[in-house]
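> Each protein sequence line maps, in turn, to chains P and S.
Sequential numbering of the first sequence, starting at 3, is according to my numbering.
Sequential numbering of the second sequence, starting at 167, is according to my numbering.
We treat Cβ as the ideally placed atom computed from N, Cα and C, and that holds for glycine.
Computed from a predicted model, the values in this text were never measured in an experiment.
Before I ask anything, let me first share the structure, which is written out below as structure tokens.
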Amino acid sequence: GAGVSQTPSNKVTEKGKYVELRCDPISGHTALYWYRQSLGQGPEFLIYFQGTGAADDSGLPNDRFFAVRPEGSVSTLKIQRTERGDSAVYLCASSLLAGYEQYFGPGTRLTVT
Amino acid sequence: AQKITQTQPGMFVQEKEAVTLDCTYDTSDQSYGLFWYKQPSSGEMIFLIYQGSYDEQNATEGRYSLNFQKARKSANLVISASQLGDSAMYFCAMREAYTGANSKLTFGKGITLSVRP
């Protein structure tokens, strides 16, 4: 079956602009996670949804970052007033239930110039 | 203190040989889960193997096995019969709390594995 998909695969934006990154999880997976991976590092947790609600948003670095999952499937990560330090690969993962193994998408590479 | 420590900067292994990738972890929880993921140059994170803290047997999945030593807080990945396609970054990760209540993963910095023909 189809895996986790993320769009766009690459996004280049100017400092100060607003961006949206989309994640389409595996069908039937109730839990959805966003991570950020900087060059040479492991992924860092941002936010986790169980269904439509954010169960844990402790990893969001500041209030410029926001994520939604209005119908419990597709999720959008929104970044306002982008900064060069936001440049990274943003990974989305889903799992059948919270706590089960997470399956990752290919990521969106965000570059802020 | 880092929760997941992967100190090997890069590993090389001859094709068809076995290799061990080290991972130590730090947690005060009694219930937790440990994961290994593979990240090839394409960038996608591929789940390899899982070990629960209460599992008495070491986890195995095909050519992958996890050498779990709870008292030493280590969870090393063993890859047997290495293949050229095993060349990738390997990440160890931990989920604190056995069930889904706290299901985010904390990752180490990763280890680069290169398989030589």
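Is it the case that the Cβ atoms of Q217 (chain S) and M211 (chain S) are separated by a distance below 8 Å?
Not closer than 8 Å, so no.
> Is DSSP giving G87 (chain P) helix, strand or coil here?
Correct three-state label for G87 (chain P): helix.
> In three-state DSSP terms, what is L250 (chain S)?
L250 (chain S): helix per DSSP, three-state reduction.
> Give me the residue from P:D65, P:S40, P:G44 and P:S97 with the minimum Cα distance to T272 (chain S).
Of the candidates P:D65, P:S40, P:G44 and P:S97, the one whose C-alpha sits nearest the C-alpha of T272 (chain S) is P:G44.
> In or out: L112 (chain P) buried (at least 16 other Cβ within 10 Å) or exposed?
L112 (chain P) should be labelled buried.
> Is the Cβ of F47 (chain P) closer than 8 Å to any Cβ of chain S?
Judged by the 8 Å Cβ criterion, F47 (chain P) is in contact with chain S.
> Can you list, in chain order, the residues of its chain whose CB lies under 6 Å from that of N12 (chain P), leaving out five sequence neighbours each side?
Within the same chain, N12 (chain P) has close Cβ partners R111.
> What residues in the segment 247-261 of chain S bring their beta carbon closer than 8 Å to a beta carbon of chain P?
So the list reads F257, A259 and R261, given in the order they occur along the chain.
> Assuming the contact rule is C-beta atoms closer than 8 Å, Y191 (chain S) and M260 (chain S) should be a hit. Round their C-beta distance to whole Å, please.
So it is a contact: roughly 5 Å between Cβ atoms.
> Taking Cβ to Cβ, would you say F285 (chain S) is nearer than 8 Å to S280 (chain S)?
For residue 285 (chain S) there is no data in the structure shown, the boundaries of chain S being 167 and 283.
> How many angstroms separate the CA atom of I170 (chain S) from the CA atom of E46 (chain P)?
Roughly 12 Å between the two C-alpha positions.
> DSSP three-state call for A184 (chain S): helix, strand or coil?
Correct three-state label for A184 (chain S): coil.
> Cβ closer than 7 Å: which chain S residues qualify as neighbours of F106 (chain P)?
Result: E210 and M211.
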